[in-house]
Amino acid sequence: MSRKVTRRKFMAGTAAGVALTTLKFPAPAIAQGAPFKLGLLTVKTGPLAQGGIQMEQGVLTWLKEHDNEMAGRKVEFFSADTGGKPAGTKTKAQELIERDKVDVILGPLAAFELLAITDYIREHKTPTLSLAGADDLTQRSPNPYFLRPSATSSQAMQPMGHYAATEMGLKKAITIDYDFAFGYEQQGGFQAAFEKDGGCVANKLWAPLGTPDYTPYLAQMADCDVLCQGFAGSGPLAFMKQYANYGLKHQVVTGETGGDDALLHAFGDEAVGMISCCPYTLDLKTDGNQHFVKAIMKDFNVVPGFYAAGLYVNCDVVEGGLKGAGGSTEDKEKFMAALKAVKLPDSPRGPISFDHLGNIVGNFYVRRCEKMANAPYGLKLWNKTIKTYENVSQFWTWPEKEFLSHPVYSRNYPPLKKC
Amino acid sequence: MTFWLLLTINSITFGGLLFLLAAGFSLIFGLMRIPNLTHGSLFMLGAYFGATFVGGLLGTVFNFWLAALMAAVLVAAFGALIERLLLRRLPGQPLAQVLVTLGISFIVADFCLMVWGGDPIAVATPESLIGIVRYGTLAFPLYRIAVIGIAAVVAAGLWLLLDRTRLGAMIRAGVDDPDMARVVGIRVSQLFTVVFSLGAGIAAFAGVIGGPILSVYPGLDQYMLPLALVVVILGGSGSLVGSIVGSLVIGFIYNFGQALLPELAYFVLFLPMLLVLLLRPQGLFGRFVP
Amino acid sequence: MIARIIALAAGFVALVTLPYWMHGEYYINVSSQILFSAIFALGLNIIAGYGGLVSLGHAGLLGIAAYSTGYMLQAGFGHTLAILAALVIGVASMAVYAVLALRATGIGFIMITLALGEIIWGLAYRWISITNGDNGINLHGRPEPFGFAIESARNFYYVTLVVFLVSFAAVTVFVRSPLGAALMGTRDQPRRMNALGYHVWAIRFWACMFSGLLTAISGILFVYYTQFISPQALDLTASAEVLLMVISGGAGTLFGPIVGAALVVVVKSVVSGFLERWNMLLGFIFVAIVILMPEGLVPGSARLWRLAWRRLTAPGKAAVPEGKP
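Chains A, B and C supply the protein sequences, listed in that same order.
Under my numbering, the first residue of the first sequence is numbered 14, with each subsequent residue one higher.
Under my numbering, the first residue of the second sequence is numbered 46, with each subsequent residue one higher.
Under my numbering, the first residue of the third sequence is numbered -7, with each subsequent residue one higher.
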């Protein structure tokens, strides 16, 4: 269980330290000494709370590690609970932008939340860094004030499809996911890449959000080499358990939410052998990651996963952008350009940079879940990296123009072929 | 062939779990005419308690069945408190009952989030029931089959209670005609407390029994409550047979509906519920029109 | 009596001058939210409070109006047509909803409306060609009634206030009218009303239609405020929330739903900024209301006020013991 954070606003800082460090930057006098206001839109109540709580932990860990300063400026942190509803997200975004006058927004968590405020943040020119996967926000309807240092919904599943077809030699797949946009985009990415390399998706199953028992779908899992699931939240746990209970033995592959390292402590034997492709992996042995993991274990006693790491990286990016803009956010376009220009060689998820649409280009890790007797952090299972794909963009290996000429991944796109 | 057989068996097992979930609600609604909108949260609370006991509390790992009973007792006590302190003040005031039961469900849901955090928790299947039953190409988890047995035992127990004990007779009298029951000297308000805590206890027990299948996670209450409502409406409130039949019917619709009509999966349960309500508002076996 | 008039006048003045004394655009926006949520609650109150018909699917109806607006705008029609379409479709949907739901009363009505609400929610997810699924529909811009631009928080607030005042006046007229009285009669004594020759079903149906109109209006304001509609706005928790607004404020009263709407919106939007466990707080508030003022905040406060007033104006008078001559 994690230590709970009850404070919401931070007003820390050492005045002397700030005064000293601000001398480094050729910023206008107004910006010096003025606190940098960081806003977070997260979900702390309801079914989405799992990811939301971890998002906040990621940010708080970063702030603690950096003495509450970004690029030498004191940070005022505002955390807002949207309740997981788009109307709430809009209200809280208004609270952060209109009342608290934040310079940057981190979050929100869900794609539909982000879509609710995309016009609003563009209007107010507030740079927003979100984990929400909605593909088109950096593809066919890009928002110039949106930056995504995590991944599009399909970005991790595309290398997964490629790996499954080429390195694992799998030919016939069945996919299952939740019946909503995030699910469609994940499985669309998997299917497109899997079929590009010679595989074939025989069937795509869609379970309604919140379904407690997956048996109606497990019953349809006949005759395939591989099952690709893309559940999020509590879904991967319940699904894998039920899957194993029915004695199903197909190889399971999954993406960033299904293979989230934060679930390792809850999984049992049913997850052993599952292959996942994720933008973040706990076992990355770089300084950047080890430092992050140690810090969050110390502060919250939780094994981090995709959500916490994602927000930690977001904070790194914001600091990079702030430094690049000379410590000032007065000129919003300049700040946004500086954010997009950020290149981090050693973030917790490895080296990252951004493409011209504001989406990440970085490493994606293919890992296998294995039983490990003396795994770190008291775990019994471990996701071991077996392949690293470098410089993966949201378009995978397709040329950008070709990719964008196709419609966005949806329930019926790519269409099913006969296998 | 495997497909049909597997779904048929699961319809019965899922129906069994639904019966455990809905039986309490049906009792409470049947006797007290209170739509207990806290029921989903009580299910979830019981599941969390069970998960904690099974996983080990203060160094002691409890036996699965003991954990289920302990959770049931704890939540039953909580239910008794709710009834005595809050619901007792509100006879015949459906709006206030809705307000208080929803308010309590908010409190319980947030309490669970506060104590157990946002991560899902797996509940280990009891040792003796781990395993898979095979028949040809069909493979079915032993534990799920056991759930049928558990539901049958509970159903039998409830039937004995209702049909063969004095308490049961009083409950049935209260369901059929509360006013006459009072006139005849049955202490209906004490009965209410007993029934409410019994209903809550069964719900918590159901939560623990469902744990190895469904796991426990925030939001579980919001998914299970509509299921309980659908079962009770379809089967008819206040009737044990109604709960059993309703659970089985919903079990079948849930499994076959989602498998064969994926386009309608989001409301495959509510369409039949609507039909039953429109054509026969008291449900299939209901003893009264709600 | 005088006190009531003064209170009402003060309230009216406060509302009209709100942007001047409420600091910050954010709080003006919250006030707009309270107002259109109040219209929604007033609409539900017509049938739930005055009619005794508790609907657990009303968010679905709000959603239909909101989606109609969004869809029409996206299809290229102007704001006027979009709003008209939303009103017509909203009320028409309510007609279908009412015909189905009014086959039962009491708990049966609640369950039918719950089923209908869930079905509408499921349709919002699945009928992607119209609703765009959970990606939702984004609106661009707001209408300009009589050339008055309402993009700003202040101006939107004023339009919402006008709509609210008109709706509230309409509700007051309805409640004080013979139809309103008949409705309350069908709530309290349906059989007697029937015996007296009133067409109970028709009375309830027309009350539902009025409720549907108010709900549609609220839906249109909601979607123009949020500039976005997605299935989350229609789910069971949303229906439960508006019902809680009505009950906590005082079902079957004029001001109850308004107070209830203010309570829920303030806790959700403002208090949630200070208190992480705001959901639990809301639950405790509801429980407290049930213990202290089960009839609702407005009638309960009025009752407590009268008690206090009596104690203050007649001090020292002991309660007359019963049975003594």
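Positions of the beta carbon are idealized from the N, C-alpha and C atoms, including for glycine.
Practice item. Scan the stretch 387 to 420 of chain A for residues whose Cβ lies nearer than 9 angstroms to a Cβ of chain B and list them as they occur along the chain. Key: Look at the stretch 387 to 420 of chain A: it has no residue with a C-beta under 9 angstroms from a C-beta of chain B.
Review point. Which term fits B:TRP110, buried or exposed, when burial requires 16 or more other beta carbons within 10 angstroms of its beta carbon?
Key: Sequence index remark: in the second sequence, residue 110 of chain B carries index 65 (1-based). Exposed, by the Cβ-count rule.
Review point. From the beta carbon of A:ASP226, is the nearest beta carbon of chain B less than 8 angstroms away?
Key: Position 213 of the first sequence holds residue 226 of chain A. Yes - at least one Cβ of chain B is within 8 angstroms of the one on A:ASP226.
Practice item. Please decide whether B:ILE190 counts as near chain A, where near means a Cβ-Cβ distance under 8 angstroms. Key: Counted from its first residue, the second sequence places residue 190 of chain B at position 145. Closer than 8 angstroms to the CB of B:ILE190 there is not a single CB belonging to chain A.
Check your understanding: Based on Cα-Cα distance, which residue from A:ALA145, A:ALA84, A:LEU150, A:LEU51 lies nearest to A:LEU370?
Key -> Mapped onto the first sequence, residue 370 of chain A falls at position 357. Selected option, being the one with the closest Cα: A:LEU150.
Review point. What are the start and end residues of the alpha helix (DSSP H) that includes A:GLY212?
Key: Here residue 212 of chain A is taken as the residue at index 199 of the first sequence, counted from 1. For A:GLY212, there is no enclosing alpha helix (DSSP H), since its DSSP letter is neither H nor E.
Check your understanding: Between B:GLN235 and chain C, is there a C-beta pair that is closer than 8 angstroms?
Key -> Residue mapping note: residue 235 of chain B aligns to position 190 of the second sequence, counting from 1. Closer than 8 angstroms: no.
Practice item. Kindly list, in the order they appear in chain A, the residues whose Cβ is closer than 9 angstroms to that of C:GLU17. Key: As a working mapping, residue 17 of chain C is identified with position 25 in the third sequence. Near C:GLU17 (Cβ distances below 9 angstroms), the residues of chain A are GLN107, GLU111, ARG112.
Check your understanding: Could you give the residue range of the beta strand (DSSP E) that holds B:LEU183?
Key -> Position 138 of the second sequence, counted from the first residue, corresponds to residue 183 of chain B. Going by DSSP, B:LEU183 is part of the beta strand (DSSP E) stretching over 183 to 186.
Practice item. Assign C:LEU284 to one of two classes, buried (16 or more other C-beta atoms within 10 Å of its C-beta) or exposed (fewer than that). Key: Against the third sequence, residue 284 of chain C aligns to sequence position 292. Its Cβ having fewer than 16 others within 10 Å, C:LEU284 is exposed.
Review point. For the beta strand (DSSP E) that contains A:ASP359, what are its first and last residues?
Key: Start at 1 with the first residue of the first sequence, and residue 359 of chain A comes out as number 346. A:ASP359 -> beta strand (DSSP E) spans 357 to 360.
Review point. Whose C-alpha, out of B:THR238, B:PHE250, B:PHE330, is nearest the C-alpha of B:LEU126?
Key: As a first step, residue 126 of chain B is located in the second sequence; it is residue number 81 there, counting from the start. The residue from B:THR238, B:PHE250, B:PHE330 with its alpha-carbon nearest to that of B:LEU126 is B:THR238.
Review point. Would the beta-carbon of A:ALA450 fall within 8 angstroms of that of A:TYR293?
Key: For residue 450 of chain A there is no data in the structure shown, the boundaries of chain A being 14 and 432.
Review point. Using a Cβ cut-off of 9 angstroms, which residues of the stretch 146 to 161 of chain B contact any Cβ in chain C, in chain order?
Key: Answer set for the stretch 146 to 161 of chain B: LEU147, GLY148, ILE149, SER150, PHE151, ILE152, VAL153, ALA154, ASP155, PHE156, LEU158, MET159.
**Study point:** B:PHE94 at chain A interface by Cβ criterion, 8 angstroms
**Key:** For the purposes of this step, residue 94 of chain B is taken as the residue at position 49 of the second sequence. It does not: the Cβ of B:PHE94 has no partner Cβ on chain A nearer than 8 angstroms.
Exercise for review: Check each residue of the stretch 52 to 78 of chain B: if its Cβ is closer than 7 angstroms to any Cβ of chain A, include it; give the result in chain order.
Suggested key: When C-beta distances to chain A are compared with 7 angstroms, the residues of the stretch 52 to 78 of chain B below that value are LEU52, ASN55, PHE59, in chain order.
Check your understanding: Where do the ends of the beta strand (DSSP E) carrying A:ALA93 lie?
Key -> Position 80 of the first sequence, counted from the first residue, corresponds to residue 93 of chain A. Its beta strand (DSSP E) spans residues 86 to 94.
Check your understanding: Do C:LEU383 and C:PHE278 have their CB atoms nearer than 8 angstroms?
Key -> Lying before the first or after the last residue shown, residue 383 of chain C is absent from chain C, which here runs from -7 to 317.
**Study point:** At least 3 beta-carbon pairs within less than 8 angstroms: the stretch 180 to 189 of chain B vs the stretch 199 to 207 of chain B
**Key:** These segments do not touch.
Review point. What residue from B:SER288, B:ALA248, B:ALA167, B:ALA121 has the CA that sits closest to B:MET269's CA?
Key: Residue 269 of chain B sits at position 224 when you count from the first residue of the second sequence. Considering only B:SER288, B:ALA248, B:ALA167, B:ALA121, the residue with the shortest C-alpha distance to B:MET269 is B:ALA248.
Point to revise | CA nearest to the CA of A:PHE353, picked from A:ILE365, A:GLU78, A:ASP359, A:PRO361 | key: Here residue 353 of chain A refers to the residue found at position 340 when the first sequence is read from its first residue. The displayed chain sequence assigns Lys, not Phe, to residue 353 of chain A. Minimum Cα distance to A:LYS353 is reached at A:ILE365.
Review point. In chain order, what residues of the same chain have a beta carbon less than 6 angstroms from the beta carbon of A:GLY71, not counting five sequence neighbours either side?
Key: Taking the first residue of the first sequence as position 1, residue 71 of chain A is located at position 58. ALA321, LEU324, TYR325.
Exercise for review: Report yes if the C-beta distance between B:VAL118 and B:GLY91 is below 8 angstroms; otherwise report no.
Suggested key: As a first step, residue 118 of chain B must be located in the second sequence, where it is residue number 73. As a first step, residue 91 of chain B must be located in the second sequence, where it is residue number 46. Not closer than 8 angstroms, so no.
Review point. Using the beta-carbon count (16 or more within 10 Å), is B:PRO257 buried or exposed?
Key: In the second sequence, counting from the first residue as 1, residue 257 of chain B sits at position 212. Result: buried.
Review point. Do C:ALA232 and C:LEU108 have their CB atoms nearer than 8 angstroms?
Key: Within the third sequence, the letter at position 240 stands for residue 232 of chain C. Within the third sequence, the letter at position 116 stands for residue 108 of chain C. Taking 8 angstroms as the Cβ cut-off, C:ALA232 and C:LEU108 do not qualify as a contacting pair.
Point to revise | Span of the beta strand (DSSP E), counted from its first residue to its last, around A:PHE408 | key: The sequence position of residue 408 of chain A within the first sequence is 395, counting from 1. Premise fails: A:PHE408 is in no beta strand (DSSP E) and is neither H nor E.
Review point. Helix, strand or coil: which one does DSSP assign to A:PRO364?
Key: On the first sequence, position 351 is the one that residue 364 of chain A refers to. Correct three-state label for A:PRO364: strand.
Review point. With respect to the beta strand (DSSP E) encompassing B:LEU324, which residues constitute its N-terminal and C-terminal limits?
Key: What you label residue 324 of chain B is simply residue 279 of the second sequence in a count that begins at 1. Where B:LEU324 is concerned, there is no enclosing beta strand (DSSP E), although the alpha helix (DSSP H) it sits in stretches over 315 to 324.
Review point. So which residues on chain C does A:LYS353 lean against when the C-beta distance must stay under 8 angstroms?
Key: Against the first sequence, residue 353 of chain A aligns to sequence position 340. Per Cβ cutoff of 8 angstroms: no residues; A:LYS353 is ~23 angstroms from chain C at best.
Check your understanding: chain C beta carbons: is any one of them nearer than 8 angstroms to that of B:PRO223?
Key -> Taking the second sequence and counting its residues from 1, the one referred to as residue 223 of chain B is at position 178. No - not a single Cβ of chain C is within 8 angstroms of the one on B:PRO223.
Point to revise | Three-state secondary structure (DSSP) of C:ALA116 | key: The residue you call residue 116 of chain C lines up with position 124 of the third sequence. Looking at C:ALA116 - three-state DSSP - the assignment turns out to be helix.
Point to revise | CA-to-CA distance, C:VAL8 to A:ASP344, given in whole angstroms | key: Start at 1 with the first residue of the first sequence, and residue 344 of chain A comes out as number 331. Start at 1 with the first residue of the third sequence, and residue 8 of chain C comes out as number 16. Approximately 37 angstroms between the Cα atoms of the pair.
Review point. Is the Cβ-Cβ distance between C:ALA57 and C:ILE81 less than 8 angstroms?
Key: On the third sequence, residue 57 of chain C is found 65 positions in, with the first residue counted as 1. On the third sequence, residue 81 of chain C is found 89 positions in, with the first residue counted as 1. The answer is yes: Cβ separation under 8 angstroms.
Review point. Where DSSP assigns a beta bridge to C:PHE276, which residues make up the other side?
Key: Counted from its first residue, the third sequence places residue 276 of chain C at position 284. None, per the DSSP bridge assignment.
Check your understanding: Under three-state DSSP, which class holds B:SER71?
Key -> Sequence index remark: in the second sequence, residue 71 of chain B carries index 26 (1-based). The three-state reading of DSSP puts B:SER71 in helix, counting H, G and I together.
Check your understanding: Once you ignore the five residues that flank A:PHE195 on each side, which residues in its own chain have a CB closer than 6 angstroms to its CB?
Key -> By 1-based counting over the first sequence, the position of residue 195 of chain A is 182. Within the same chain, A:PHE195 has close Cβ partners ALA124, GLY146, SER166.
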